[in-house]
Amino acid sequence: MSIRGTASKQFHSMPISISSRVPSAVTSDPSPLDAIRKQTNKIEDILDSVSGPIKPYLPAIGRFLIVATFIEDAIRILSQWSDQVFYLNSYRHMPYFITIIFLFSNVVAMLVGSFLIITRKYSVYAVGALLGVVISQAIGYGLIFELNFFLRNLSVIGGLLMALSDSFARRRITFAGLPSVDEKDKQMYFQLAGRVLLIFLFLGFIMTGNWSIARVFVSFIGLIACVMVVVGFKAKLSAMLLVVILSLFNILINHYWTYSSSHPNRDFLKYEHFQTLSIVGGLLLVVNTGAGKISIDEKKKIY
620 MSIRGTASKQ
630 FHSMPISISS
640 RVPSAVTSDP
650 SPLDAIRKQT
660 NKIEDILDSV
670 SGPIKPYLPA
680 IGRFLIVATF
690 IEDAIRILSQ
700 WSDQVFYLNS
710 YRHMPYFITI
720 IFLFSNVVAM
730 LVGSFLIITR
740 KYSVYAVGAL
750 LGVVISQAIG
760 YGLIFELNFF
770 LRNLSVIGGL
780 LMALSDSFAR
790 RRITFAGLPS
800 VDEKDKQMYF
810 QLAGRVLLIF
820 LFLGFIMTGN
830 WSIARVFVSF
840 IGLIACVMVV
850 VGFKAKLSAM
860 LLVVILSLFN
870 ILINHYWTYS
880 SSHPNRDFLK
890 YEHFQTLSIV
900 GGLLLVVNTG
910 AGKISIDEKK
920 KIY
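In our numbering, the protein residues as written are 620 to 922.
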């Protein structure tokens, strides 16, 4: 044990009988993190009791919400096939034959990949296919350098990584010539990458739009929650707070159902609505599993 400042000199000059009582005095003074942890433990206990009935279903709900944007996008392409072909062929100057292959392969990858993630089968291939869709659409539609689109897609990728970490079982995989790889170790790193990427949607929310007192307040609270999710301090509680904020934001801002089918903003708001649902799904997996081994919460258990 190390004691800083003048207390160190006094400690060493004390008789053994007195100094032996110092550790209890030192440990009785909690750190700021311990004080916050003590208060938030009460809130977590309440949330656990309230969410108890639905907790067994959180992983399935989270995985479904993560792929919701891909399912919606596949349905939109099929229902607006001629418009999609016309746009890519006329405005993006993509050859007609390539356009057909591009759209068809995207639809198949999104539907099949989404089904596999929901059912937790071949998750590595499913996530790889959906990552390919994200990248190919960013290039194909010319949105790769659009900041808001870029940040949103980073969060969607974070959700996919959370789904991948959720899919890993406890078995060990052995590759020829290499040491055996524990899937728990892979899950640990995917959880870290996933929860870091998930917060970029909220950063995009902070950087765009008109400012107001309410927006400043929500942005401040949300930013603190984002930092706590990234470092893994009270990650479950912080992720639940972000779920509530993003869900309210989705209902109040991305209310595409209030627009007519011919309104130009309907498709745009619908796209953002389902992308936000995907990030909410990833956060629900954080609520269910916690931040993982690489986190302050986990280190606190050890030390």
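In this text, a Cβ means the ideal position worked out from N, Cα and C, and glycines have one as well.
It should be emphasised that the depicted structure is a prediction, and the values quoted were computed from it without experimental measurement.
Separation of the CB atoms of Gly681 and Leu903 is rounded to 4 Å, and the pair is thereby assigned contact status at 8 Å.
In this structure, Ala858 and Val905 form a Cβ contact; the two beta carbons are roughly 4 Å apart against a cut-off of 8 Å.
Around the beta carbon of Val848, 16 or more other beta carbons sit within 10 angstroms, so the residue counts as buried.
Judged by DSSP secondary structure, Thr895 falls within the alpha helix (DSSP H) whose first and last residues are Pro883 to Thr908. The beta-carbon separation of Thr688 and Leu896, rounded to 7 Å, stays under the 8 Å limit for a contact.
Cβ-Cβ distances below 7 Å link Gly751 to Ala728 in the same chain, with the five nearest sequence neighbours on each side left out; the list follows chain order. Taking all protein chains shown into account, Ile864 has 16 or more neighbouring C-beta atoms within 10 Å of its C-beta and is therefore buried. In this structure the segment 732-747 does not lie against the segment 701-713, because fewer than three pairs of beta carbons, one per stretch, are closer than 8 Å. In summary, Ala748 is buried, with 16 or more beta-carbon neighbours lying within 10 Å of its beta-carbon over all protein chains present. Minimum Cα-Cα distance from Gly813 among the listed residues Phe839, Cys845, Pro883 and Val837 corresponds to Cys845. For Asn869, the uninterrupted alpha helix (DSSP H) run begins and ends at Ala854 to Leu871, by DSSP.
Closest in C-alpha terms to Gln894, from the list Phe821, Asn907, Ile832 and Ile843, comes Phe821.
Between Ile736 and Phe809, the alpha-carbon positions lie close to 15 Å from each other. Between Gly778 and Gly901, the gap from beta carbon to beta carbon is short of 8 Å. The way I'd put it, the segment 759-773 does touch the segment 708-724; three or more beta-carbon pairs between them come closer than 8 Å. Within the same chain, Cβ atoms closer than 7 Å to the Cβ of Gly841 are found at Phe821, Leu861 and Ile864, the five residues on either side in sequence being excluded. Excluding the 5 residues flanking it on each side, His892 has same chain C-beta neighbours closer than 6 Å at Asn869, Asn873 and Tyr875, in chain order. In the three-state reduction of the DSSP assignment, Lys674 falls in the helix class. Counting along the chain, Leu697 sits inside the alpha helix (DSSP H) bounded by residues Ala687 to Ser698.
Ranked by Cα distance from Ser698, the first of Ala679, Ile685 and Leu722 is Leu722.
For Gly778, the enclosing alpha helix (DSSP H) has its first and last residue at Leu766 to Ser786. Exposed is the label assigned to Ser880, since fewer than 16 other Cβ atoms lie within 10 Å of its Cβ.
Contact check for Gln703 and Ile696: beta-carbon distance about 5 Å, within the 8 Å limit, so the pair qualifies. Only residues of its own chain outside the window of five on either side were considered, and among them Met807 have a CB closer than 7 Å to the CB of Lys912, listed in chain order. By the Cβ neighbour-count rule, Phe839 is exposed, with fewer than 16 other Cβ atoms within 10 Å of its own.
Nearest neighbour of Met713 by Cα position, chosen from Glu691, Leu817, Asp886 and Ser755, turns out to be Ser755.
The DSSP-derived three-state label of Leu750 is helix.
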